[in-house]
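Contents: one structure, followed by commentary.
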Amino acid sequence: MNIVSLAQNLPGPVAVSRLVASGARAIKVEAPWGDHLAGLCKPWYDELHAGVRVERLDLKSPGGMQTMKALLATADVFLASQRPSALARLGLDPDSLARELPALRHLNIVGDTANPEEPGHDLSYQARAGLVQDAMPATLLADMIGADRAYAAVLALMHDAPGARRMVGLYDAVHDVAAPLRHGLTRPGGPLGGGNPCYGVYAAREGMVAIAALEPHFRARLYDALGLADGSDLSVAMLTRTAADWERWAAQLDIPLVKVPDTGA
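Just so we're aligned: the sequence shown equals residues 1 to 265 in this note's numbering.
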């Protein structure tokens, strides 16, 4: 499978990296100044582009577009992450390319498939989905789930007819991921949002621990080992050992409890 990608930043490069790991051959086209991700996190940029041929082209110049069309002529799939109107202005939208390359398959990563022209980034998509509270998100969830969907969509395209088109939406992806919150499972006080003492995060004497003793046998084993009545609050008990000590203790008893890593945040 041969892929030409115009997708910058995160979802596209992550998807392409996984496709290359699965055996695809990939060429990525960047602007003359490169991909913004390289300036934000060069080590990750390098990791994601291992095995990817990178070409820097000025697509607004005749020579740059000529080279781009030549690259697309070698591709099975054209992966983009632009608004449809931006691709159309360049003449790289599916309808325009179909006249010259009717067999080329197309995948475009957009913000929202219901409104692909709307601007946004991971933070705004997570916020719309209800996943942003008082602090910045710990990870780029929309981008990473969107990358998974883009990877799967490219594989699906190869089973579609030549010239097939697909679209992946980052908001669509994170909206689905937010379903447990919408249904109340992970809301504050919900059964998986702090309402169950056996499923939560606690301060230890040093560090933090996460307990996920959800099933009855894990719950019973946890309370029996602590010498506490079923359903008791665990916050005081957790302060009697360090997080590392609790993790070792839990491993010996086959209880799902782990030390929360200190990310330095």
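All C-beta atoms, glycine included, are put in the ideal place defined by N, C-alpha and C.
Residue range of the unbroken alpha helix (DSSP H) whose run includes residue i
i      : result
ALA237 : 235–238
ALA38  : 36–40
SER17  : 11–21
ILE145 : 141–157
VAL174 : 170–177
ARG241 : Segment: none, ARG241 is in no alpha helix (DSSP H) and carries neither H nor E.
Rounded distance between the beta-carbons of residue j and residue i, thought under 8 Å
i      : j      : result
PRO13  : HIS49  : 7 Å
ALA103 : PRO162 : 4 Å
VAL20  : VAL52  : 6 Å
MET208 : ALA164 : No, MET208 and ALA164 are not in contact; Cβ-Cβ is about 48 Å, not under 8 Å.
TYR270 : SER232 : Coverage of the chain is limited to positions 1 through 265, which leaves residue 270 absent and any answer about it impossible.
ASP112 : LEU10  : With a Cβ gap of about 17 Å, ASP112 and LEU10 do not count as contacting.
LEU157 : ARG105 : 4 Å
ARG83  : GLU117 : 5 Å
Close beta carbons around residue i, own chain, < 8 Å, minus the five adjacent residues each side
i      : result
VAL132 : LEU123 and GLN126
TRP44  : LEU37
GLY64  : LEU57 and ASP58
THR240 : ARG205
TYR199 : PRO191, LEU192, ILE211, ALA212, ALA213 and LEU214
LEU97  : LEU72, PHE78, GLY91, LEU104 and HIS106
Spatial neighbours of residue i in its chain, beta-carbon cut-off 6 Å, leaving aside the 5 residues before and after
i      : result
GLY130 : ALA178 and LEU181
VAL268 : As displayed, the chain neither begins before 1 nor continues past 265, which places residue 268 out of reach and without an answer.
ALA250 : LEU257
Segment limits, beta strand (DSSP E) that includes residue i
i      : result
LEU192 : First-last for LEU192: undefined, no H or E at that position.
ARG25  : 25–30
ALA203 : 199–203
LEU257 : 257–259
ALA161 : Here ALA161 belongs to no beta strand (DSSP E), and DSSP marks it neither H nor E.
ALA212 : 208–212
VAL4   : 2–5
Same chain only: Cβ atoms within 7 Å of residue i, ignoring 5 sequence neighbours per side
i      : result
ILE145 : ALA173, VAL174 and VAL177
GLY190 : GLY184
LEU101 : LEU72 and ALA73
For the stretch 123–140 and the stretch 70–89, state whether three or more C-beta atom pairs, one from each stretch, are separated by less than 8 Å. Taking a cut-off of 8 Å on C-beta distances, the stretch 123–140 does not touch the stretch 70–89, as fewer than three cross pairs fall below it.
Would you list, in sequence order, the uninterrupted alpha helix (DSSP H) runs of no fewer than 4 residues that lie entirely inside the stretch 53–123? Counting whole runs of 4 or more residues, the stretch 53–123 contains the alpha helix (DSSP H) stretches 62–72, 84–90 and 94–100.
Tell me whether the stretch 199–208 and the stretch 182–190 touch, counting them as touching only if at least three CB pairs, one residue from each stretch, are closer than 8 Å. With a cut-off of 8 Å, the stretch 182–190 and the stretch 199–208 do not count as touching, because too few Cβ pairs lie within range.
Any contact between the stretch 139–155 and the stretch 85–100? By contact I mean 3 or more CB pairs, one from each, below 8 Å. Judged by Cβ distances under 8 Å, the stretch 139–155 makes no contact with the stretch 85–100, as fewer than three pairs qualify.
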